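*Asks:* Numbering (my numbering), first residue to last: 86 to 248. C-beta: ideal position from N, C-alpha, C; glycine also. Keep in mind that this is a model prediction, so the values were computed, not measured.
(1) Any contact of the segment 183 to 194 with the segment 158 to 166, i.e. 3+ C-beta pairs under 8 Å?
(2) For residue 131 and residue 179, I'd like the C-alpha separation in whole angstroms.
(3) Helix, strand or coil, according to DSSP, for residue 133 in the structure here?
(4) On the three-state DSSP scale, how would you describe residue 203?
(5) Tell me which same chain residues have a C-beta within less than 6 Å of the C-beta of residue 173, skipping the five on either side of it?
(6) With which residues is residue 117 paired in a DSSP beta bridge?
(7) Take residue 229 as the anchor and find which of 248, 196, 202 has the nearest alpha-carbon.
(8) Kindly indicate the opening and closing residues of the beta strand (DSSP E) around residue 162.
(9) So what does DSSP say about residue 145, is it helix, strand or coil?
(10) Decide if residue 111 is buried, meaning its Cβ has at least 16 other Cβ atoms within 10 Å, or exposed.
(11) Measuring straight from C-alpha to C-alpha, what distance separates residue 93 and residue 145?
(12) Is residue 112 helix, strand or coil when you go by DSSP?
(13) Once you ignore the five residues that flank residue 140 on each side, which residues in its own chain have a CB closer than 6 Å to its CB?
(14) Please tell me whether residue 240 and residue 115 are closer than 8 Å, where the distance is taken between their beta carbons.
Right, dumping it as structure tokens:
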């Protein structure tokens with residue numbers, strides 16, 4: 086009986102190994118240099134427009150990769166930019182769109198998600214094949230529309246590298 090149990094265990098062991106490997110996933114990861122380039126370009130564009138901002142890039146899981154702040158950016162801009170980037174990555178949509186969705190009578194609960202910011206200025210970072218890579222957020226740029234334009238400039242600066 087013991088031999089049969091050992092034989093079955095040896096026979097079934099490879100099946101358990103293969104079933105575990107099937108649960109593994111491969112994901113694209115945003116390179117730090119690319120994240121830095123996007124954040125820097127977003128800050129440059131907003132600064133050229135006369136705004137003192139913060140820009141942040143998070144990875145696909147919402148973990149901060151880089152945050153930059155203009156020399157005279159307010160104390161709040163870095164954290165707000167990070168939260169906008171996190172929100173854009175978490176929901177895979179621009180935060181400016183979420184601002185409208187978070188109104189009472191619609192998806193109002195969005196505004197109550199801990200850490201989420203439903204103000205314009207956050208954009209998802211998506212590869213050319215459509216895979217979510219992360220998010221970029223900008224704060225302190227004089228309103229959500231302006232901040233979204235600065236974030237878009239950051240994305241445009243890295244678009245050719247998002248394979």
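*Replies:* Concretely, from the data shown:
(1) The segment 183 to 194 is not in contact with the segment 158 to 166.
(2) One C-alpha to the other measures close to 18 Å.
(3) Correct three-state label for residue 133: helix.
(4) DSSP places residue 203 in the coil class of the three-state scheme, outside both helix and strand.
(5) Within the same chain, and ignoring the five residues on either side of residue 173 in sequence, the residues whose Cβ sits closer than 6 Å to its Cβ are 180, 207, 208, 209, 220.
(6) According to DSSP, residue pairing for residue 117 in a beta bridge does not occur.
(7) It is 202.
(8) Taken as a continuous stretch (DSSP letters only), residue 162 belongs to no beta strand (DSSP E), being part of the alpha helix (DSSP H) at 162 to 176.
(9) Looking at residue 145 - three-state DSSP - the assignment turns out to be coil, as it is neither helix nor strand.
(10) So residue 111 counts as exposed.
(11) Note that residue 93 scores 48 on pLDDT, short of 50, meaning its location in the model is unreliable; the coordinates nonetheless yield the value given after this. Distance between the alpha carbons of residue 93 and residue 145 is about 42 Å.
(12) Three-state DSSP puts residue 112 in coil, outside helix and strand.
(13) Within the same chain, 124, 127, 128, 153, 166, 223 come within 6 Å of residue 140 by CB-CB distance, once the 5 residues on both sides are set aside.
(14) Result no, Cβ atoms of residue 240 and residue 115 do not sit closer than 8 Å.
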